[in-house]
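Asker:
Printed below as a string of structure tokens:
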């Protein structure tokens with residue numbers, strides 16, 4: 208019986224009690240949610256189109272993989288050793 212009054216708007220106050228959002232706030236929230244959903248969907252679509260990374264086990268049998276690892280390791284060590292040496296130019300004439 209009470210729900211029939213609520214649905215028919217009988218004996219209801221003009222304003223609902225409580226602090227409700229304005230229609231502009233509701234529209235802004237809906238727009239923000241729509242944009243967030245579109246961004247999420249686009250990222251999922253982009254992720255599904257990206258090629259997969261190669262299997263590490265397959266790379267370990269490839270000689271080019273190990274040559275690349277050695278090159279990266281040697282360049283890294285040479286850069287570290289070059290930057291860690293103090294340069295004292297007072298000895299040079």
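Residue numbers (the numbering used here): 208 to 300. Think of the CB as a built atom: it goes at the ideal place given N, C-alpha and C, for glycine as much as any other residue.
#1: How many angstroms separate the CA atom of residue 217 from the CA atom of residue 211?
#2: What residue does the alpha helix (DSSP H) around residue 230 start on, and which one ends it?
#3: Short check: CB of residue 272 to CB of residue 278, under 8 angstroms?
#4: Please classify residue 223: does DSSP put it in a helix, a strand, or coil?
Answerer: Straight from the coordinates:
#1: 8 angstroms
#2: 230 to 256
#3: Their beta carbons are not under 8 angstroms apart, which means residue 272 does not touch residue 278 by this criterion.
#4: coil
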